[in-house]
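In our numbering, the protein residues as written are 89 to 157.
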């Protein structure tokens with residue numbers, strides 16, 4: 089489930105970056121300015137999810153180490 093979520097987040101980031109590249113075109117100028125903010129939110133969310141996942145993994149390893157010891 090989690091890898092699928094990361095895939096969709098990366099897909100959204102790709103689409104928003106593509107719209108940001110097309111900023112010079114007047115048709116996409118409004119979209120790119122709006123989607124740039126959304127892209128930044130997606131990046132921050134992805135970083136938070138990665139951080140939470142790594143913390144969960146570290147906590148699980150610490151618990152397993154305590155059980156073995």
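Just so you know, even glycine gets a beta-carbon here, dropped at the ideal spot from N, CA and C.
Keep in mind that this is a model prediction, so the values were computed, not measured.
query                                                                                                                                                                                       : result
Measure the alpha-carbon distance for residue 96 versus residue 149 and round it to whole angstroms.                                                                                        : 28 angstroms
Leaving aside the five residues before and after residue 101 along the sequence, list all residues of the same chain whose C-beta is less than 7 angstroms from its C-beta, in chain order. : 127, 130 and 131
Counting only beta-carbon separations shorter than 7 angstroms, does residue 91 have a partner in chain B?                                                                                  : In summary, chain B is missing from the structure at hand, where a single protein chain is found.
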